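Taken in order, these protein sequences are the chains called G and A.
Residue numbers for the first sequence follow this note's numbering, so the first one is 4 and each next one is one higher.
Residue numbers for the second sequence follow this note's numbering, so the first one is 24 and each next one is one higher.
Note that beta-carbon positions come from the ideal geometry of N, C-alpha and C, so glycine has one too.
Remember, predicted model here, so these are calculated numbers, not experimental data.
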Amino acid sequence: MFGTGVLRGLGVTFKHFVATYVDDIAYLFRGGRYYNEKALMQRQGPKAKGVFTVQYPEEKLPVPENFRYLPFLIYDTTANDDKCTSCGICAKVCPPQCIWIVRTNDPVTKRPVPQPAEFYIDTTICMQCGFCAEFCPFDAIKMDHDYEIATFERFQTLVFDKQKLTKPDTYHAAIHPTDWARERVELAEKAAKEAEKKRQAEEKAKAAAAAKAAAAAPQPPTQGASS
Amino acid sequence: MANPTTAPAAELTGPLAALKEKFGDAVEPADFEGVTIDPAHLVEAAKTIRDDLGYGYLSSITAVDYVKDGQMEVVYHAFSIDKGGGPLVFKARTPRDNAVLPSLTSVWPGADFQEREAWDLFGVKFEGHPNLKRILMWEGFHGHPMRKDWREAYYEQDNKPFDSRWPGGYHNRAEDRVPWADNVSYPADFDPTSFVEEADAAVYERMRQVEVVQGQPLTVPVSGANGDAAAGLKTDQLVVNLGPQHPSTHGVFRMVVRLDGETIRELEPVVGYLHRNHEQIGERNTYIQNMPYTDRLDYISSMSNNLGYALTVEKLIGVKPPERAEYLRVIMVELTRIANHNWAIGFLLNDLGAFFTPALYAIEERELILDLFEAAAGSRMMCNYMRFGGVALDVPPGWLEKCREIVFERLPRKIDHLDTFLSGNEIIRSRCMGVGYLSPEDAIAYSTAGPVLRASGVPYDVRRAEPYSIYDRFQFDVAVRYNGDVYDRYLIRIDEMRQSVRILQQALDQIPEGEIQAGKKQYSQRVPAGQAYGRVENPKGELGFYVVSDGSANPYRYHIRAPSFINLTALERMCVGYKVADTVIILGSIDIVLGETDR
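Below is the structure:
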């Protein structure tokens, strides 16, 4: 019938409108439906009815762990050192080529030292693809979650130098718990492997020494080989 | 850089052998794939390919600049609508200094924009083209930017990674390095004070010329209905600009139309406002560096773009992703299709005048899908998720459950909602039915793809015609509608969303545990020399990537067959005879994205 489509269309809007208030009342004694993180997740979830929008900046959706914004460098607080070894893989893989690294050279031998002297990221060029973090073999560069970086000046302020880029690994652990746990496991495995290697090398050396001693002396001392 | 032109000449088989038999010495086996046809016989051979060999759908035309040989090669990819399967590749070579080839617009009208693009970017003249002028760059632009010896302003180096970045990389801005952009070249007689942009003049001039050809003067007498008072009056046909800054154009896009009253007599799309020479950037990049750039093509469906590019390069490398990665890819791509079609339907309603209420309801679903993308890939729109031989990250715990909830419970209901409330709506029916008709023959001849092609009654879907990834495992129907009007192009999107939900439900039930990446991910991917054309059924149509590798770290040629761009070739065909207000919804029903159109 003529006009029914329009009425049904209006009906959808009206239903949405009513659903918003029904949910508002349902959340009345649970801290309200706005500025409430739990309610926000429901409002933006698959079961959402009624109003769907987020009152940014008063309300902010939590970002998932994989979320990537600008890269940052990790400072190892236990070793008190930069994790970056200035190998340059991030600078080579960067699609818009926004990473500049100056490698440190030893003042005496003139040979490269695994530490960056300077590290720049031009955030005006960065496309937040995450390749630097993905391909870094040392877990020294990660993608940040802080997306509010608006400034009043658009050139020098947005070129981040090493000091501005570096953040402690505790921050990385806080925003990327899964990634951090994986790193710990890998580090532990690596340490165990190295310890094992060391132990084997030591044993070999001891065995060699014992054999040498055995060859030198006619009566071999037995306790050296068994320890 | 070596030219990737040395390859053993293969024996010709199948339709190529038939072509060789008919044309004899004019047809020679080409490097890597296809045949090279002598330009003198090109049009004739194209007719044979279309009519006798059954390859009636010309998908892609592009040029490759073999600067070392002094040759320009134009590569054509034709497909068979009836038989499906792979392409028939034919090429034509011409000297670089005076690149002239016959135009194939007489055989396939869909060659129009693609030949203009090849002229614009490569400087290949197509003789017999009715309107050969620049399409992405502006008239008066100096040089042809895709030629290997052309250099952009702020040019730094041929290939990335740039040497200035490491190990002694002090930050500098490109603008400071070349402060006056003094590496830009100008024509010898260039005078900036007297320069007049000729693009508009050229468009108008052409419209006037058509007047003369057709023998209709711009001013014609009104044909009074009953010989009334109006009979003595005279009326003008008007040339009007629609766009480029107009909400109906979905970006910066302009249509120049010639109007008789309110009826469209002629229309020409003007594109290129968002042109950034994506392909040139792609040839400077290494293979992996192109992945995030493909996100920026059709930015509504970045996952699909990723997949197309990954598949093409995988063809060259010969790597196959593990099972779980294949399933994740299909899930992501089908979610993208639903998000895209929700967007397309919502904004078609915008174009109809139902301003933003249906659109915002429709993109609620898109919002949930983007949340899934953000949790899996790290970004809502610029996903950068696929890698050669796998995907970037496995989905986090709980992701598949959330996805199941959306796919099994919410989406089917919401798609039904759209259908119930919109499909029967009398405003939509009266505005869309019978408007913007495109016949099946025209749809094929104009190389349209995706929903536009299938709404005209051509059941051609790359997922079925030439299955890629693991699409051969799923049960789904190729959505097809037969009226070829705006209403059917709207309905087919609803149908396709339903099919996507079907695929998603199967994929989510079947997804195995396991690895997500074949072999070790490499930051500098070595790709053996070769040529590959990979295509996927993007939400907007067939997205093709043509990659030529010379064995180095950077692609020698990187071309994109952009569905939005090529679908626009048929826009005039769809619009002529309808009213101005109809062009807005006809354009909306093609569903273009300017990031991809202009590249």
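Please classify residue i: does DSSP put it in a helix, a strand, or coil?
| i | result |
| --- | --- |
| Q94/A | strand |
| F149/A | strand |
| L290/A | strand |
| M278/A | strand |
| E121/G | strand |
| R116/A | strand |
| H269/A | strand |
| F55/G | coil |
| L111/A | strand |
| G309/A | Looking at the sequence itself, residue 309/A is Thr, so the reference to Gly does not match. Three-state result, T309/A: coil. |
| T85/A | strand |
| F102/A | strand |
| M409/A | strand |
| I158/A | coil |
| N329/A | helix |
| S575/A | coil |
| I450/A | helix |
| I72/A | helix |
| N264/A | strand |
| L83/G | Position check: residue 83/G holds Asn in this sequence, whereas Leu was assumed. Of the three classes helix, strand and coil, the one that applies to N83/G here is coil, per DSSP. |
| P240/A | Since pLDDT at P240/A reaches only 49, below the 50 mark, its modelled position is unreliable, and no value is offered. |
Please report the straight-line C-alpha distance between residue i and residue j, rounded to a whole angstrom.
| i | j | result |
| --- | --- | --- |
| R319/A | F396/A | 16 Å |
| E387/A | I534/A | 26 Å |
| V570/A | L334/A | 11 Å |
| Y332/A | A115/A | 25 Å |
| E62/G | Y38/G | 6 Å |
| C101/G | R521/A | 42 Å |
| E289/A | F122/G | 57 Å |
| N26/A | F568/A | Any reading at N26/A must be qualified, since the residue scores a pLDDT of 48, below 50, and its modelled position is unreliable; the value itself is stated next. Roughly 20 Å between the two C-alpha positions. |
| C132/G | P490/A | 29 Å |
| D181/A | N506/A | 50 Å |
| Y72/G | P463/A | 46 Å |
| N154/A | R596/A | 15 Å |
| P240/A | G79/A | With a pLDDT of 49 at P240/A, under the threshold of 50, the modelled position of this residue cannot be trusted; read the value that follows with caution. About 37 Å. |
| T127/G | C97/G | 14 Å |
| D573/A | W173/A | 19 Å |
| E519/A | K437/A | 14 Å |
| K43/A | L35/A | 8 Å |
| I451/A | E285/A | 21 Å |
| I615/A | Y469/A | 16 Å |
| H100/A | L81/A | 6 Å |
| D26/G | I361/A | 27 Å |
| Q166/G | D84/G | 13 Å |
| P99/G | M130/G | 7 Å |
Which same chain residues end up closer than 7 Å to residue i when comparing Cβ atoms and leaving out the 5 residues on each side of it in sequence?
| i | result |
| --- | --- |
| V236/A | Reliability fails at V236/A, whose pLDDT of 44 lies under 50, so the model's placement of it is uncertain and the value that follows must be treated cautiously. Closer than 7 Å at the Cβ level, and outside the excluded window around V236/A, lies no residue. |
| G238/A | Interpretation of G238/A is limited by its pLDDT of 47, a score under 50 that renders its predicted location unreliable; no figure is taken from the coordinates. |
| F379/A | N373 |
| R512/A | P474, V475, A478, S612 |
| G91/G | I104 |
| A218/G | none |
Counting only the same chain and skipping the five closest in sequence on each side, list residues whose C-beta sits under 8 Å from that of residue i.
| i | result |
| --- | --- |
| L391/A | I429, R433 |
| Q548/A | T309, Y310, I311, V336, I340, F411, A576 |
| L383/A | G369 |
| G542/A | V342, G412 |
| P419/A | A398, A399 |
Kindly give me the distance between the Cβ atoms of residue i and residue j, rounded to whole angstroms, as I take these residues to be in contact under 8 Å.
| i | j | result |
| --- | --- | --- |
| L124/A | F145/A | Going by Cβ atoms, the distance from L124/A to F145/A rounds to 11 Å, so no, they are not a contact pair. |
| C406/A | S325/A | 5 Å |
| I72/A | V353/A | Incorrect: roughly 33 Å between the Cβ atoms, too far for contact. |
| G109/A | P345/A | Going by Cβ atoms, the distance from G109/A to P345/A rounds to 25 Å, so no, they are not a contact pair. |
What does a CB cutoff of less than 6 Å around residue i pick up in its chain, not counting 5 residues either side in sequence?
| i | result |
| --- | --- |
| C87/G | L76, P119, A143 |
| D495/A | none |
| A184/G | none |
| F588/A | T620 |
For residue i, return the contacting residues in chain B, with the cut-off set at a CB-CB distance below 7 Å.
| i | result |
| --- | --- |
| W183/G | No chain B appears in the structure shown, which is made up of the protein chains G and A. |
Do residue i and the ligand HEM come close, with the Cβ less than 7 Å from some heavy atom?
| i | result |
| --- | --- |
| A101/A | Of the ligands one can find in the structure shown there are none, so the ligand HEM has no counterpart to examine. |
Please give me, in chain order, every unbroken run of the alpha helix (DSSP H) with length at least 4 that falls completely inside the region 137 to 176 of chain G. 165 to 168, all fully within the region 137 to 176 of chain G.
Which parts of the region 503 to 570 of chain A are runs of the beta strand (DSSP E), unbroken and 3 residues or longer, counting only runs that do not cross its ends? Segments of the beta strand (DSSP E) lying fully in the region 503 to 570 of chain A: 553 to 561.
Contiguous beta strand (DSSP E) assignments of at least 3 residues, all confined to the region 335 to 378 of chain A: The region 335 to 378 of chain A contains no whole beta strand (DSSP E) run of 3 or more residues.
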